[in-house]
Ligand code: CAA
């Protein structure tokens, strides 16, 4: 399926969403974010999709929220429409695993989008940053809250207060990026990671995502109890029986996602 601001493609159990605003470095205007939300809902509702990939172009994953759209916005307009909320938070609440595939600029809201994804794969060309301070504003799509949880307070403060660009290597060292993959084979390598996940059991993937995300919201003892309850629940699935039987019978599991 193709529309103007995003492209989507289903490749087996992998759903690829490509941000497609090449003339504006994939700046995240409201219609683009609405299209992203619609695509996420489509993937969420399709039982045959297990993993999502969000990518941009070679030049830019996304250079942030749309500055032209924001410039003349008044307080009351931003408040009434709940700017940077509805469509943006759709990504944070997606229950299936989402891979961010980052080449080029991932700035401001673009970097914040990657923080709402689960695995962040970057090419050596990736450049992250929170340059909002240079516009006389602050990050508004979660970086002041989520960044510190990935990279710690000192780096979150450095990146947000200086607005400097962060290389792929620095982002990987700091914990914002999961893996750096070579530029020449980037898309193929991203798809290999996605296909690795696509071979797993969907309930298992979803429970892992839910449990890891819960760790950011709950005290340790409560989080461990939550994990334990999910762990007990997984014994109700076909795929737990099949996965363990396959291991003991020295064969590949045939998961049913049930
Ligand atoms: N919003 C709107 N348009 C943008 C944009 C953005 N965030 N980023 C780039 N563009 C547009 C440029 O205006 C330019 O358009 P025109 O050709 O019509 O002039 C086009 O994309 C190409 O950009 P440049 O000519 O600037 O390309 P460059 O290679 O010289 O620089 C860049 C690339 C470093 C990414 C630079 O475009 C840039 O600094 N962009 C803005 C980054 C930024 O400040 N992001 C934060 C936005 S605020 C935010 O995101 C708030 C939040 O937390 C939600």
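In the working numbering, the protein residues as written are 33 to 290.
Just so you know, even glycine gets a beta-carbon here, dropped at the ideal spot from N, CA and C.
In this text, all values refer to a predicted model and were calculated from it rather than measured experimentally.
Nearest-angstrom Cα separation, counted from residue j out to residue i
i, j, result
"residue 60", "residue 201", "25 Å"
"residue 224", "residue 231", "11 Å"
"residue 280", "residue 273", "11 Å"
"residue 39", "residue 47", "10 Å"
"residue 268", "residue 159", "44 Å"
"residue 77", "residue 70", "11 Å"
"residue 205", "residue 184", "12 Å"
"residue 178", "residue 125", "14 Å"
"residue 101", "residue 266", "46 Å"
"residue 192", "residue 210", "21 Å"
"residue 53", "residue 91", "11 Å"
"residue 75", "residue 252", "32 Å"
"residue 34", "residue 45", "The predicted model places residue 34 with a pLDDT of 42, which falls under 50 and marks its position as unreliable; any figure quoted below should be read in that light. Approximately 19 Å between the Cα atoms of the pair."
"residue 145", "residue 277", "39 Å"
"residue 271", "residue 255", "24 Å"
"residue 285", "residue 217", "29 Å"
"residue 110", "residue 157", "34 Å"
"residue 114", "residue 208", "27 Å"
"residue 187", "residue 249", "21 Å"
"residue 289", "residue 260", "20 Å"
"residue 105", "residue 62", "13 Å"
"residue 190", "residue 107", "28 Å"
"residue 103", "residue 112", "17 Å"
"residue 264", "residue 41", "35 Å"
Residue from the options whose Cα sits closest to the Cα of residue i
i, options, result
"residue 147", "161, 219, 157 and 136", "161"
"residue 244", "44, 111, 84 and 258", "258"
"residue 214", "289, 222 and 208", "222"
"residue 143", "203, 109 and 249", "203"
"residue 287", "235, 247 and 92", "235"
"residue 293", "54, 189, 140 and 79", "Given a span of 33 to 290 for the chain in the structure shown, any question on residue 293 remains unanswerable."
"residue 219", "163, 192, 50 and 37", "50"
"residue 120", "103, 228, 149 and 109", "149"
"residue 174", "264, 96, 108 and 289", "96"
"residue 291", "237, 226 and 283", "Absent from the model: residue 291. The displayed extent of the chain is 33 to 290, so no value can be given."
"residue 195", "138, 112 and 79", "138"
"residue 79", "163, 238 and 283", "238"
Contact check, residue i vs residue j, beta carbons under 8 Å
i, j, result
"residue 172", "residue 240", "no"
"residue 165", "residue 152", "no"
"residue 118", "residue 94", "no"
"residue 123", "residue 72", "yes"
"residue 88", "residue 136", "yes"
"residue 154", "residue 198", "no"
"residue 247", "residue 275", "no"
"residue 67", "residue 37", "yes"
"residue 229", "residue 242", "no"
"residue 176", "residue 170", "yes"
Cβ-heavy atom distance, residue i to the ligand NAP, below 7 Å
i, result
"residue 86", "What this structure holds is the ligand CAA, not the ligand NAP."
With three or more C-beta pairs closer than 8 Å as the rule, is the region 110 to 130 touching the region 75 to 94? Yes: at least three Cβ pairs fall under 8 Å.
As an exercise, report each continuous beta strand (DSSP E) stretch of at least 3 residues that is fully enclosed by the region 79 to 116, in chain order. Here the runs fully enclosed are 83 to 87 and 92 to 94.
Contiguous alpha helix (DSSP H) assignments of at least 4 residues, all confined to the region 218 to 244: You should have 218 to 230.
Those runs of the beta strand (DSSP E) which lie wholly inside the region 173 to 213 and span at least 3 residues: Secondary structure within the region 173 to 213: not one fully enclosed beta strand (DSSP E) run of 3 or more consecutive residues is present.
Any beta strand (DSSP E) of 3 or more consecutive residues that is wholly inside the region 116 to 157: If you keep only unbroken beta strand (DSSP E) runs of at least 3 residues inside the region 116 to 157, you get 130 to 134, 137 to 139 and 151 to 154.
What alpha helix (DSSP H) runs, 4 residues minimum, are completely inside the region 40 to 65? The region 40 to 65 contains no whole alpha helix (DSSP H) run of 4 or more residues.
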